[in-house]
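So the structure is just underneath, and the comments pick up after that.
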Amino acid sequence: MSISLTPLPEVGGNASVAFEPVFSAPPSGSTNSNSRASDRTEFAIHWPGQEHLHQPSLADSDRPPSVLLVAAQEAERRMLGSLLRREGCIIMDSRSAVMALDLLGKCRPDLVIIDRDLGDMGALECCRQIKAMRRADFVPVLIVAARNSAEDEVAGIEAGADEYLIKPLHPQVFRARISALIRHKTAVDRLEEAESILFALALSVEKRDHAAAGHCQRLALYSVAFGMRLGLSEAQLLSLHRGGYLHDIGKIVVPDAILYKPGKLTAEEWVVMKTHSVRGEEICRPMHSLAAVLPIIRNHHERWDGSGYPDGLQGEQIPLLARVLQLADAFDALCSVRPYKDAFPRELTIQTLLAEGEMGWRDRELTRLFTELPFDELKLAEEQILFSEKRNDFDSSIRNLQEHLAMAS
Ligand SMILES: [Fe+2]
Ligand SMILES: [Fe+2]
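For what it's worth, numbering that gives the first Met the number 0 labels the leading residue of the sequence shown as 0, then goes sequentially.
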């Protein structure tokens, strides 16, 4: 089975980089037989048996899938573009890896297809860099190659490609593969949407209490800054960042009369209040992507001496990330107004944290290290960092933090 292609003269250089015009919309009704016929005429592509292919669109009901096509040769872009248009995809094309990476900084397609014979940095390096981009790391990458060599295929997969196909492309195989890749991406997108809903829910809990405004963002900021000082991995920093927002999501089930009571809680009210850590874990547990955040949510009120809740864990039984986040949580609670107290000045906040460490509530060594954070620098950086947080841009948030911590040391 092969695809024979009769290249047509260049049509006005279609490898544009401007975002809006870059996507070339599929011909209207691209999945009907008329448009396929016109494609065949225009690009002179002939597949044996193509008339019998089952051709429902890959597009879901909301929008057609978008594909970034990266190929140095105009003929390759046309050939792959024609195949994709038949599937109802909208196409953004790029003739170089540099151009493709630039585009991926501005938009997030459902699939990237890279021709192996790419100029500049090459297809493998392009694939590696795409997978290293947080914005694009869940975007599936398909490499298409002219040479059929096991070494090349292994190198492609090792570079992070999700699929590796050898030309000439079999249309049914091509369709099945891109369909599977796009399905996977759609599932990831849905998970992200569900995650966004949880984050919005967590922020709505905070918004119920005007005194706690900005608590989640500050917690994300301070615990990530502390995590950096401790040399934690980027995955751990990301969990702390998420934990900052989600740690108290379980308070959604705590009645306002208890949550915002201006005075001491009764023993019965405490029982209800303490359920928030377990309820928070239950709310987030169905999200597999939040698995590493669950111990933070569940155990952020444990105490080093075992007197905390919900599990009464002691010492290093308490997950490290929960110990890190609880310090940031206590710090922010102490230096903020609460229904039951005024805001403590910084000096008193630090003294109280150290005293609580001595009383056995928290990891003493971690407490000491936390109190050495450059809080003035973080305060200065807060606006800039919180702006990145609002855009949900973890990478620039981390970069800003790194710069400010580097300045402070
Ligand atoms: Fe809490
Ligand atoms: Fe909190």
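For each residue, glycine too, the CB sits at the ideal point set by N, CA and C. What you are looking at is a predicted structure, and each value in this text was computed from that prediction instead of being measured.
D161 - DSSP class collapsed to helix/strand/coil
Translated into the one-based positions of the sequence shown, residue 161 becomes position 162. Correct three-state label for D161: coil.
Q | Terminal residues of the alpha helix (DSSP H) in which A99 lies | A | As a first step, residue 99 must be located in the sequence shown, where it is residue number 100. A99 -> alpha helix (DSSP H) spans 96-103.
Ignoring anything shorter than 4 residues, give me the alpha helix (DSSP H) runs that lie fully in the segment 208-234, in order along the chain. 214-228
Discussion item. Beta-carbon within less than 8 angstroms of V223's beta-carbon, same chain only, minus the 5 sequence neighbours each way: which residues are those?
Written reply: Position 224 of the sequence shown, counted from the start, is the residue given in the question as residue 223. Counting only Cβ-Cβ distances below 8 angstroms, and skipping sequence neighbours, we find L236, L239, H240, G243, S396, I397, L400.
Handout entry: Spatial neighbours of R366 in its chain, beta-carbon cut-off 8 angstroms, leaving aside the 5 residues before and after
Key = Within the sequence shown, numbered from 1, the residue matching residue 366 stands at position 367. Note on identity: in this sequence residue 366 is Thr, with Arg being the wrong assignment. Correct list, in chain order: L326, L352, L353, E355, G356.
With DSSP as the reference, label L68 as helix, strand or coil.
-> Here residue 68 corresponds to residue number 69 of the sequence shown, with the count starting at 1. Strand.
> Out of curiosity, what's the CA-to-CA distance linking L62 and C215?
Replying inline: Taking the sequence shown and counting its residues from 1, the one referred to as residue 62 is at position 63. Taking the sequence shown and counting its residues from 1, the one referred to as residue 215 is at position 216. The sequence shown places Arg at residue 62, not Leu. Going from the Cα of R62 to the Cα of C215 covers about 34 angstroms.
inquiry  = Can you tell me whether M78 is helix, strand or coil according to DSSP?
reply    = Looking up residue 78 in the sequence shown gives position 79. It is helical.
S288, DSSP secondary structure in three states
Position 289 of the sequence shown, counted from the start, is the residue given in the question as residue 288. The answer is helix: DSSP assigns S288 an H, G or I state.
Give the single residue among A70, V204, V97, R189 whose Cα lies nearest to the Cα of L141. For the purposes of this step, residue 141 is taken as residue 142 along the sequence shown, with counting starting at 1. The residue with the shortest Cα to Cα distance from L141 is A70.
Please state whether DSSP places S276 in a helix, a strand or coil. As a first step, residue 276 must be located in the sequence shown, where it is residue number 277. If DSSP states are grouped into helix, strand and coil, S276 belongs with the helices.
**Message:** Among the candidates A256, F225, L264, whose CA atom is the shortest distance from the CA of L319?
**Reply:** Taking the sequence shown and counting its residues from 1, the one referred to as residue 319 is at position 320. Comparing Cα-Cα distances from L319 to each of A256, F225, L264, the minimum goes to F225.
| field | Separation of K184 from F198, as counted between CA atoms | value | Here residue 198 refers to the residue found at position 199 of the sequence shown. Here residue 184 refers to the residue found at position 185 of the sequence shown. About 21 angstroms.
A179 - DSSP class collapsed to helix/strand/coil = Along the sequence shown, one-based indexing puts residue 179 at 180. The three-state secondary structure of A179, taken from DSSP, is helix.
(Q) Closer than 7 angstroms to a non-hydrogen atom of ligand 2 - does that hold for the CB of L326? (A) For the purposes of this step, residue 326 is taken as the residue at position 327 of the sequence shown. No, ligand 2 has no heavy atom inside 7 angstroms of this Cβ.
- Count the other CB atoms, across all protein chains shown, that sit within 10 Å of the CB of S232; report buried if there are 16 or more and exposed otherwise. Residue 232 sits at position 233 when you count from the first residue of the sequence shown. Exposed.
Ordered along the chain, which non-local residues of its own chain (more than five positions away) have a Cβ less than 6 angstroms from that of A405? Along the sequence shown, one-based indexing puts residue 405 at 406. Answer for A405: no residue qualifies.
message = Among I296, G262, R115, G80, whose alpha-carbon lies nearest the alpha-carbon of D328?
response = As a working mapping, residue 328 is identified with position 329 in the sequence shown. The residue with the shortest Cα to Cα distance from D328 is I296.
### Query
Is any heavy atom of ligand 1 found at a distance shorter than 7 angstroms from the C-beta of H214?
Against the sequence shown, residue 214 aligns to sequence position 215. No, ligand 1 has no heavy atom inside 7 angstroms of this Cβ.
For a quick check, are the C-beta atoms of V138 and L164 less than 8 angstroms apart? By 1-based counting over the sequence shown, the position of residue 138 is 139. By 1-based counting over the sequence shown, the position of residue 164 is 165. Result no, Cβ atoms of V138 and L164 do not sit closer than 8 angstroms.
Exercise for review: Please indicate yes or no: does the CB of D151 lie closer than 7 angstroms to some heavy atom of ligand 2?
Suggested key: By one-based count along the sequence shown, residue 151 stands at place 152. No; taking the cut-off as 7 angstroms, the Cβ of D151 has no heavy atom of ligand 2 nearer than that.
Would you mind listing the alpha helix (DSSP H) stretches within the segment 302-334 that are 4+ residues and don't spill past its ends, in chain order?
319-333
inquiry  = Please identify the residue among E268, L123, M91, V253 whose C-alpha is closest to the C-alpha of D109.
reply    = For this step, residue 109 is matched to residue 110 along the sequence shown. Checked all of E268, L123, M91, V253; the closest Cα to D109 is M91.
Inset, instruction - Flag D255 as yes when its Cβ comes closer than 7 angstroms to any non-hydrogen atom of ligand 2, and as no otherwise. - result: As a position in the sequence shown, residue 255 is number 256, starting the count at 1. Within 7 angstroms of the C-beta of D255 there is not a single heavy atom belonging to ligand 2.
ask   = For L202, which residues from the same chain have a beta carbon less than 8 angstroms from its beta carbon, with the 5 sequence-adjacent residues on both sides left out?
value = Stepping through the sequence shown from its first residue, residue 202 is reached at position 203. Correct list, in chain order: C215, Y244.
(request) On a CA-only basis, which of E152, A135, G213 is nearest D188? Give me that one, please. (result) Here the question's residue 188 lines up with position 189 in the sequence shown. Taking only the C-alpha atoms, the option nearest D188 is A135.
Q. Straight-line CA distance for R361 to L220?
A. For the purposes of this step, residue 361 is identified with residue 362 of the sequence shown, where counting begins at 1. For the purposes of this step, residue 220 is identified with residue 221 of the sequence shown, where counting begins at 1. Answer to the nearest angstrom: the Cα atoms are 20 angstroms apart.
Does ligand 1 have a heavy atom nearer than 7 angstroms to the CB of S335? For this step, residue 335 is matched to residue 336 along the sequence shown. Result no, Cβ not under 7 angstroms from ligand 1.
> Where I44 and M78 are concerned, what is the direct C-alpha to C-alpha distance, given to the nearest angstrom?
Replying inline: Position 45 of the sequence shown, counted from the start, is the residue given in the question as residue 44. Position 79 of the sequence shown, counted from the start, is the residue given in the question as residue 78. Caution applies to I44, whose pLDDT of 32 falls short of 50 and renders its modelled position unreliable; the value that the coordinates give is listed next. So the alpha carbons of these two residues sit roughly 8 angstroms apart.
When you compare the CB positions of I112 and V66, do they come within less than 8 angstroms of one another, or not?
Here the question's residue 112 lines up with position 113 in the sequence shown. Here the question's residue 66 lines up with position 67 in the sequence shown. Cβ distance < 8 angstroms, so I112 and V66 count as in contact.
Integer-rounded CB distance, given that A158 should sit under 8 angstroms from R127: Position 128 of the sequence shown, counting from 1, holds the residue named residue 127. Position 159 of the sequence shown, counting from 1, holds the residue named residue 158. Right, the Cβ-Cβ distance comes to about 5 angstroms (below 8 angstroms), so this counts as a contact.
Could you round the C-beta distance between L285 and P338 to whole angstroms and report it? I think they count as a contact, below 8 angstroms. Reading the sequence shown from its first residue, position 286 is the one you call residue 285. Reading the sequence shown from its first residue, position 339 is the one you call residue 338. According to the sequence shown, residue 285 is Pro rather than Leu. That pair is no contact at about 32 angstroms.
**OP:** Could you tell me whether any non-hydrogen atom of ligand 1 is closer than 7 angstroms to the CB of S203?
**Re:** Here the question's residue 203 lines up with position 204 in the sequence shown. Incorrect: S203 has no Cβ contact closer than 7 angstroms to ligand 1.
Q. Within the chosen definition, does the segment 247-263 reach the segment 302-310 through at least 3 CB pairs nearer than 8 angstroms?
A. no
- Item | Exposed unless 16 or more other CB atoms sit within 10 angstroms - verdict on S288 | The sequence position of residue 288 within the sequence shown is 289, counting from 1. Per the 10 Å Cβ criterion, exposed.
Inset, instruction - Would you identify the three-state DSSP class for A144, choosing helix, strand or coil? - result: Along the sequence shown, one-based indexing puts residue 144 at 145. DSSP places A144 in strand when its eight states are reduced to three.
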